[in-house]
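Undergrad: Numbering-wise (this note's numbering), the sequence shown opens with residue 16 and increments by one. Note that CB positions come from ideal geometry on N, CA and C, so glycine has one too. Treat the numbers as computed from the prediction; the structure is a model and nothing was measured.
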Amino acid sequence: MEKITVLGSTGSIGRSTLDVVRRHRDRFAVFALGAMASVDRMFADCMEFAPRYAVLSDPAAAAVLRDRLAGEGSGVTVLAGYDQLSFIASHEECDAVMAAIVGAAGLVPALAAVRAGRKLYLANKESLVMTGHLFLEALRESGSVILPVDSEHNAIFQSLPEREQRRLCFCSLRESGVTRILLTGSGGPFRELPLEELSSVTPAQAVAHPNWSMGSKISVDSSTMMNKGFEFIEARWLFNLSGDDIRVVVHPQSVIHSMVQYADGSVIAQLGNPDMRTPIARVMAYPDRFDSGVADLDLCALTGLTFQEPDLARYPCLKLAVDACWTGQAATTALNAADEAAVAAFLGGRIPYTDIYRICARVVDRFAADPITDVDSVLDLDRRVREYTASLL
Ligand code: NAD
Ligand code: MG
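Here is the structure:
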């Protein structure tokens, strides 16, 4: 039995994770659940999975949850406050942690899991975007194992030889004959929209991803391809890449989830229906495979698979993130915080869509040279960027 803590259990990835657990109750027990404030969802999951702990970072919501569970005679211990997420992520009785909190809020509990040597299923790409080599140092020190949930990184992982799978973050892909990583992305809902119409797209249009059903933040990031930029940075750290090792390819159908190109001319890809339960099941079953609930891919029903170069005039956020990747840790940390604030402002109807890029570009320009020495300086930069972004907004 693997005892698992699910951080962000009420979100899109969290719910898919619990669905995989539900199919394999003989292999997994839920040790703890963590989320922000969704009392109803958390109550239902506590009743179904009977974890030892449930954490809501919002204290008022936690109090309501505690009362409701007590009323049902439940034995779940409800804890309140953000710090308790790190407690359940690093608890000695927990074997593995699904890190699926969205945004910068996911970093500290994910790091707590790594430092405690827990196996980490990483969905929260922001952890690597914000801390890069600091995260790797923590992994090296604790000997913790990391497995990528993000579908592209999971596809790359699946397309690599086992010896590289077993040394993620410290890979040597050249030794394995890899010449390039091909990171695919759909291009989002505005791939063909006339450029002059981008400034007037609405939040509802931006979150309506053509292939994937996801949380609102990552859906907006997919439409700007900032998400692909963050994934570029995530891939750099996960697979120990440099310079020209990685290329972004627009693949609108989202059937291929990314590819690895080898020196002998082979390209190995992972294909499947766009459903996150596939990569989640891949990491949870590893090295085995088991049912994820995802339907078989019907190749003959596909109308075609197409590929194109990303148009950087349409997706300036992609270029911003790729440049930040090679500029340094402060640039990617600042970009992450600015994007989170700008996307929230866009979703709240406070800024037009095209301002997401404008704000992010100004922030990176201003903060890219800040010194980053440790995780505290990352969190401090994150806070200062949010203050500055608020003043721009
Ligand atoms: P979501 O918005 O659906 O869910 C976010 C979860 O995080 C919720 O459970 C919420 O309660 C929790 N949360 C947010 N702030 C919190 C806080 N301060 N304290 C405690 N909990 C908090 O997001 P999602 O789409 O599931 O994405 C989760 C992560 O997975 C993100 O980092 C995203 O980039 C990554 N990811 C998602 C997908 C996808 O298909 N949804 C794919 C790849 C990677
Ligand atoms: Mg992805």
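Could you compute how far the alpha carbon of residue 32 sits from the alpha carbon of residue 105?
TA: Rounded to whole angstroms, residue 32 to residue 105 spans 19 Å at the Cα level.
Undergrad: May I ask you to list the residues that DSSP assigns as paired with residue 189?
TA: According to DSSP, which records beta bridges pairwise, residue 189 is partnered with nothing at all.
Undergrad: By alpha-carbon positions, which one of 159, 344, 68 ends up nearest to residue 95?
TA: Nearest option by C-alpha distance: 68.
Undergrad: Tell me where the beta strand (DSSP E) around residue 356 begins and ends.
TA: Residue 356 -> not in any beta strand (DSSP E); alpha helix (DSSP H) instead, spanning 344-362.
Undergrad: With 16 other CB atoms within 10 Å as the buried threshold, where does residue 163 fall?
TA: Burial call: buried.
Undergrad: Does the structure place the region 166-176 close enough to the region 143-155 that three or more beta carbon pairs sit under 8 Å?
TA: Flag = no, the region 143-155 and the region 166-176 do not touch.
Undergrad: Is residue 93 closer than 9 Å to residue 81 when the C-beta atoms are compared?
TA: Yes, they are a contact pair.
Undergrad: Indicate, with yes or no, if the ligand NAD has a heavy atom lying under 8 Å from the CB of residue 120.
TA: At least one heavy atom of the ligand NAD is nearer than 8 Å to the Cβ of residue 120, so yes.
Undergrad: By DSSP, does residue 106 sit in helix, in strand, or in coil?
TA: It is coil, neither helix nor strand.
Undergrad: On the three-pair Cβ rule with 8 Å, is the region 201-219 touching the region 331-341?
TA: Output reads no: the region 331-341 does not touch the region 201-219.
Undergrad: Tell me whether residue 191, by its Cβ, gets closer than 8 Å to a heavy atom of the ligand NAD.
TA: For the ligand NAD, not one heavy atom lies less than 8 Å from the Cβ of residue 191.
Undergrad: Any heavy atom of the ligand SAM inside 8 Å of the beta-carbon of residue 29?
TA: Summarising the ligand content, the structure contains the ligand NAD and the ligand MG and does not contain the ligand SAM.
Undergrad: Is residue 252 near the ligand NAD - that is, is its Cβ less than 8 Å away from at least one heavy atom of it?
TA: Residue 252: no, Cβ never under 8 Å from the ligand NAD.
Undergrad: Give the range of the beta strand (DSSP E) segment to which residue 49 is assigned.
TA: Here the beta strand (DSSP E) through residue 49 covers 43-50.
Undergrad: Sort out for me which residues DSSP pairs residue 277 with in a bridge.
TA: Looking at the DSSP assignment, residue 277 forms a beta bridge with 193.
Undergrad: Let's test the definition: count the other Cβ atoms within 10 Å of the Cβ of residue 285 and tell me whether it reaches 16, buried, or not, exposed.
TA: It is buried - the Cβ of residue 285 has at least 16 other Cβ atoms within 10 Å.
Undergrad: Please name the residue or residues paired with residue 136 in a DSSP beta bridge.
TA: DSSP, once it has assigned bridges, lists 113, 162 as partnering residue 136.
Undergrad: For residue 305, which residues in the same chain have their Cβ closer than 7 Å to its Cβ, ignoring the five residues on either side in sequence?
TA: Only 39, 296 meet the Cβ criterion.
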